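Residue numbers (my numbering), protein chains in the order written: chain A, 78 to 189; chain B, 172 to 286.
Accompanying notes for the structure given below.
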Amino acid sequence: QKEVEQDPGPLSVPEGAIVSLNCTYSNSAFQYFMWYRQYSRKGPELLMYTYSSGNKEDGRFTAQVDKSSKYISLFIRDSQPSDSATYLCARESSGGYNKLIFGAGTRLAVHP
Amino acid sequence: GAGVSQSPSNKVTEKGKDVELRCDPISGHTALYWYRQSLGQGLEFLIYFQGNSAPDKSGLPSDRFSAERTGGSVSTLTIQRTQQEDSAVYLCASSQGLRGAETQYFGPGTRLLVL
């Protein structure tokens, strides 16, 4: 079992839809989780991070961690064509906060 | 300000040749990371430099891979005797190097193709 599992998609939605992106992880000992966004032929950029359980909101984006079910989610409200990208979830590793374990990424396409 | 830069953007090489990939981190960032991203795969941690400490090389897949960081700034990832399975995007990131979790800023990557 991979340490962080993520459905690769692709996921195609119409503009304005609510998007739900999900990851599962295998080790509940870790508390720091991140979502990165990667546009085509670019490096990933940090979108949001959460620490421990609960929700964190930033504009149209909400990150949610459910430690009991080992589930990480990213919700995008009012999705825009500019949100079309690959979304990567990540968590800290036993090597420390900055040694990250990434999921494979979910490719999202928002069409006008 | 300037972000993380990497060179070359693309590299095509023949199996068995050595390649060097370069990373220029954000000025003042003491932490530097190398990752590998294969097609359809997530980022795979390779190596981590923090200041003057010994690098964490635990992610390097074989002894054909090595990296150095000169003067606490520029880093070079070297792959010796390249194999076709080395084909991937090699990403470099840097961060301030403070205690605890912090944002890693990624460069655009070097796309390596081994024929």
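Glycine residues also receive a C-beta, built at the ideal position from the N, C-alpha and C atoms.
Here the structure is a predicted model, which means the values were calculated and not measured.
Q. Going by Cα to Cα distance, which pick from B:Glu239, B:Asp257, B:Glu273 is closest to Thr184 of chain B?
A. On the second sequence, position 13 is the one that residue 184 of chain B refers to. Closest by alpha carbon: B:Asp257.
Q | Backbone secondary structure at Pro121 of chain A - three-state DSSP | A | By one-based count along the first sequence, residue 121 of chain A stands at place 44. In the structure shown, Pro121 of chain A adopts coil according to DSSP, grouped into three states.
Q: Consider the Cβ of Glu144 of chain A: report whether some Cβ of chain B lies at a distance smaller than 8 Å.
A: What you label residue 144 of chain A is simply residue 67 of the first sequence in a count that begins at 1. In the sequence under discussion, the amino acid at residue 144 of chain A is Lys, which differs from the Glu named in the question. Judged by the 8 Å Cβ criterion, Lys144 of chain A is not in contact with chain B.
Q) For a contact meaning CB atoms closer than 9 Å, what does Ala181 of chain A contact in chain B? A) Working through the first sequence from its first residue, we reach residue 181 of chain A at position 104. Chain-ordered, the chain B residues with CB closer than 9 Å to the CB of Ala181 of chain A read Gly211, Gln212, Gly213.
Q. Just how far apart, CA to CA, sit Gly120 of chain A and Val96 of chain A?
A. Taking the first residue of the first sequence as 1, we reach residue 120 of chain A at position 43. Taking the first residue of the first sequence as 1, we reach residue 96 of chain A at position 19. Here the alpha carbon of Gly120 of chain A sits roughly 22 Å from the alpha carbon of Val96 of chain A.
Q) Is the beta carbon of Ser176 of chain B less than 8 Å from the beta carbon of Thr281 of chain B? A) For the purposes of this step, residue 176 of chain B is taken as the residue at position 5 of the second sequence. For the purposes of this step, residue 281 of chain B is taken as the residue at position 110 of the second sequence. Taking 8 Å as the cut-off, the beta carbon of Ser176 of chain B is found no closer than this to the beta carbon of Thr281 of chain B.
Q. Using the beta-carbon count (16 or more within 10 Å), is Leu284 of chain B buried or exposed?
A. In the second sequence, counting from the first residue as 1, residue 284 of chain B sits at position 113. Leu284 of chain B comes out exposed.
Q: Can you give me the start and stop residues for the beta strand (DSSP E) that Glu223 of chain B sits inside?
A: As a working mapping, residue 223 of chain B is identified with position 52 in the second sequence. Looking at the sequence provided, one finds Asn at residue 223 of chain B rather than Glu. Per DSSP, Asn223 of chain B lies in no beta strand (DSSP E) and is assigned neither H nor E.
Q | Contact set between Pro85 of chain A and chain B, taken where Cβ atoms lie within less than 9 Å | A | Walking along the first sequence from the start, residue 85 of chain A turns up at place 8. At a C-beta separation below 9 Å, Pro85 of chain A has these neighbours in chain B: Gly211.
Q. If contact means a Cβ-Cβ distance below 9 Å, which residues of the segment 219-238 of chain B contact chain A?
A. Taking 9 Å as the Cβ-Cβ cut-off against chain A, the residues of the segment 219-238 of chain B that qualify are Tyr219, Gln221, Asp227, Ser229, Gly230.
Q.
Here's the rule I'm using: 16 or more other beta-carbon atoms within 10 Å means buried, otherwise exposed. How should Ser233 of chain B be labelled?
A. Translated into positions along the second sequence, residue 233 of chain B becomes position 62. Exposed, because fewer than 16 other Cβ atoms sit within 10 Å of the Cβ of Ser233 of chain B.
Q) Given that Leu185 of chain A touches chain B, what residues does it touch there, using C-beta distances under 9 Å? A) Taking the first sequence and counting its residues from 1, the one referred to as residue 185 of chain A is at position 108. Here the premise fails: no neighbours, minimum Cβ distance about 15 Å.
(Q) Output needed for Asp195 of chain B: all residues of its chain with C-beta closer than 6 Å, excluding positions within five of it in sequence on either side, in chain order. (A) Along the second sequence, one-based indexing puts residue 195 of chain B at 24. Taken in chain order, the residues that qualify are Ser176, Val245.
**Q.** Three-pair Cβ contact test at 8 Å for the segment 262-278 of chain B versus the segment 189-203 of chain B
**A.** Under the 8 Å Cβ criterion, the segment 262-278 of chain B counts as touching the segment 189-203 of chain B, having at least three qualifying pairs.
**Q.** Asn175 of chain A vs Ser224 of chain B beta-carbon contact at 8 Å
**A.** To locate residue 175 of chain A, count along the first sequence from 1; it is residue 98. To locate residue 224 of chain B, count along the second sequence from 1; it is residue 53. Ser224 of chain B is positioned such that its CB atom lies no closer than 8 Å to that of Asn175 of chain A.
Q) Which runs of the alpha helix (DSSP H) spanning at least 4 residues fall entirely within the segment 135-177 of chain A, listed in chain order? A) Whole alpha helix (DSSP H) segments, 4+ residues: zero.
Q) Is Thr274 of chain B close to chain A, meaning its C-beta is less than 8 Å from at least one C-beta of that chain? A) The residue labelled residue 274 of chain B in the question sits at position 103 within the second sequence. Taking Cβ atoms only, chain A reaches closer than 8 Å to Thr274 of chain B, which makes this a yes.
(Q) In the DSSP assignment, the beta strand (DSSP E) including Arg235 of chain B goes from what residue to what residue? (A) If you number the second sequence from 1, residue 235 of chain B lands on position 64. Where Arg235 of chain B is concerned, there is no enclosing beta strand (DSSP E), given that its DSSP letter is neither H nor E.
Q. Beta-carbon of Tyr148 of chain A versus every beta-carbon of chain B: anything under 8 Å?
A. Locating residue 148 of chain A in the first sequence gives position 71, where the first residue counts as 1. So no, Tyr148 of chain A is outside the interface.
Q: Within its chain, find whatever has a CB closer than 6 Å to the CB of Ser171 of chain A; leave out the 5 residues flanking it on each side and keep chain order.
A: Translated into the one-based positions of the first sequence, residue 171 of chain A becomes position 94. Correct list: empty, nothing qualifies.
Q. Under the rule that 16 or more other beta-carbon atoms within 10 Å means buried, what is Leu151 of chain A, buried or exposed?
A. Position 74 of the first sequence, counted from the first residue, corresponds to residue 151 of chain A. So Leu151 of chain A ends up on the buried side.
Q: In the DSSP assignment, find the unbroken beta strand (DSSP E) run with Ala186 of chain A in it and report its ends.
A: Locating residue 186 of chain A in the first sequence gives position 109, where the first residue counts as 1. Annotation for Ala186 of chain A: the continuous beta strand (DSSP E) segment containing it runs 183-188.
Q: With DSSP as the reference, label Gln83 of chain A as helix, strand or coil.
A: Numbered from its first residue, the first sequence carries residue 83 of chain A at position 6. Strand at Gln83 of chain A.
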